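Take a look at the structure below.
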Amino acid sequence: MVKFTDIKGFVFDLDGVVTDTSRFHAQAWGQLADKLGVDYPGLGDAVKGISRMDALEMILKKGGLENNYSPAEKEALATEKNTNYIQLIQNMTAADILPGMADFLAELKDNGYGIALASASKNAPTILAKIGLSDYFTKAVDPASLTNGKPDPEIFIKGAQLLGLAPTQCIGLEDAVAGITGINAAGETSIGIGDCDLLHEADINFSDTSQVTLANIKHVMND
-3 MVKFTDIKGF VFDLDGVVTD TSRFHAQAWG QLADKLGVDY PGLGDAVKGI SRMDALEMIL
57 KKGGLENNYS PAEKEALATE KNTNYIQLIQ NMTAADILPG MADFLAELKD NGYGIALASA
117 SKNAPTILAK IGLSDYFTKA VDPASLTNGK PDPEIFIKGA QLLGLAPTQC IGLEDAVAGI
177 TGINAAGETS IGIGDCDLLH EADINFSDTS QVTLANIKHV MND
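Note that the working numbering has the sequence shown beginning at -3, numbered continuously upward.
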């Protein structure tokens, strides 16, 4: 692991790291799965951290429906899910920021660290505006510019590039296995937030966002 003094920037996932929109995603996908007649009890965890089209393919395969729809029809289904999701997130406020994250972002800014967003969500600007954190994420990877979704490292590499930094100078924060895999493949130091058994490939593990502070990260990296 690199030393803490080498770190100049932080690359954030959004869902489950800055704010908890995963429940809204799960609810919106659940509405679509019900419409398609697909019973998927573990849907919430299965779709965490992957792109919209990859999540749709997962649901269709679960129901044996992957060959029943044309690409255009699949796009329409994904759009329908997104419409459901957008309706669900309209009432988000600063109260939906995960514990400690507003303070951590302020701490990073005050100490001169670069901050970038690496979220596959095309709704990220709307969400950040709703919860009042847009000013921290003036640098954000455009999901439309991506060739590959997580666990491919592309989004995290682009996050570092937006900050003008090498991947080794960055820490990536994620709550999903696919994200941790992507951060590690990008050559960045990975912080996994959540179940440490599930996220065991992360360089650093915190059980929840309230533990994410510069002091705690420095302590772990310099041990």
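Glycine residues also receive a C-beta, built at the ideal position from the N, C-alpha and C atoms.
Predicted model only: the values in this text are computed from it and were never measured.
* Assumed close pair residue 129, residue 120 - CB separation to whole angstroms, cut-off 8 Å -> The pair is not a contact, with the Cβ atoms about 10 Å apart (cut-off 8 Å).
* To do: Give a yes or no on whether the C-beta atoms belonging to residue 95 and residue 18 are separated by under 8 Å.
  => no
* **Classification of residue 75 by the beta-carbon crowding that lies within 10 angstroms, buried from 16 upward** => exposed
* Coarse secondary structure for residue 55, derived from DSSP in three states -> helix
* Asked: Does DSSP put residue 3 in a helix, a strand or coil?
  -> coil
* Inter-residue spacing [alpha-carbon to alpha-carbon] between residue 116 and residue 91 -> 23 Å
* Asked: How many angstroms separate the CA atom of residue 204 from the CA atom of residue 16?
  -> 12 Å
* Asked: Using 8 Å as the Cβ pair cut-off and three pairs as the minimum, do the stretch 70 to 85 and the stretch 20 to 36 touch?
  -> yes
* **Short Cβ contact (8 Å threshold) for residue 159 with residue 126** => no
* **Range covered by the beta strand (DSSP E) that runs through residue 168** => 166 to 170
* Could you check the C-alpha separation between residue 237 and residue 187 for me, to the nearest Å? => Examination of residue 237 is not possible in this model, given that the chain is present from -3 through 219 alone.
* Rounded separation between residue 37 and residue 198 - CA only -> 27 Å
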